[in-house]
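Counting in the working numbering, the sequence shown runs from 10 upward without gaps. We put the beta carbon where it would ideally sit given N, CA and C, even for glycine. Small disclaimer: the values here were computed from a predicted structure and weren't measured.
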Amino acid sequence: MANTAALLGNLLNTKADINYYTQQSVFWNAKYEANSAKLQEQVKYEEKWEKAFDEAIDNTKELNKGGIRVVVNNQNVMLADKYAHAKVKQYDEELSLELADLDMEYDTMKTMYDTMLEELRAQQESEKTATSTAAQDTGLLQS
């Protein structure tokens, strides 16, 4: 009987751990998804920025954007950089790098909690079986 109570206590503790790790998993999944959307947006702006930069370096016509004038066959990298920033103001290289770092951190946390949940669920099934077996075995049938 005491064995059954101990096993039941373990099972209840495992269930509480599952509830906690489920909350953590939901939290980190939400952070990951929100950050991922921002990162994808920055990647899109980066691609546009790179296209504008290449356009300014290899231009065949005069370009003008936001007060930045680029002459034909420009080879000035600094001027191409300024033109690309004027054309794609939404791109922020520092923000993009920060979001990429956060993406790795959030993905790690999300994966860790998801893995822990899988392990706890397997443990819970094992504890359920042991508790059920102990509860059925009352010891009264011993000869």
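Review point. If you draw a straight line from the C-alpha of E134 to the C-alpha of M118, how long is it?
Key: Rounded to the nearest whole angstrom, the C-alpha separation of E134 and M118 is 24 Å.
Practice item. Name the residue from E114, Q132, Q145, D101 whose alpha carbon lies nearest to the alpha carbon of E5. Key: Any property of residue 5 remains undetermined from this structure, which presents the chain solely from 10 to 152.
Point to revise | Endpoints, beta strand (DSSP E) assigned at K91 | key: DSSP places K91 outside any beta strand (DSSP E); the residue lies instead in the alpha helix (DSSP H), whose first and last residues are 86 to 96.
Exercise for review: For K74, write down the residues that DSSP places opposite it in a beta bridge.
Suggested key: Residue pairing by DSSP places K74 opposite I77 in a beta bridge.
Practice item. Check whether the Cβ atoms of T31 and T140 lie closer than 8 Å to each other. Key: No; because the gap between Cβ atoms is not below 8 Å, this pair is not in contact.
Exercise for review: Can you say whether K53 is buried or exposed, counting buried as having 16 or more other CB atoms within 10 angstroms of its CB?
Suggested key: Exposed is the label assigned to K53, since fewer than 16 other Cβ atoms lie within 10 Å of its Cβ.
Exercise for review: Inspect the CB distances between the region 84 to 99 and the region 52 to 66 and report whether three or more fall short of 8 Å.
Suggested key: A contact is defined here as three or more CB-CB pairs under 8 Å, and the region 84 to 99 meets this definition with respect to the region 52 to 66.
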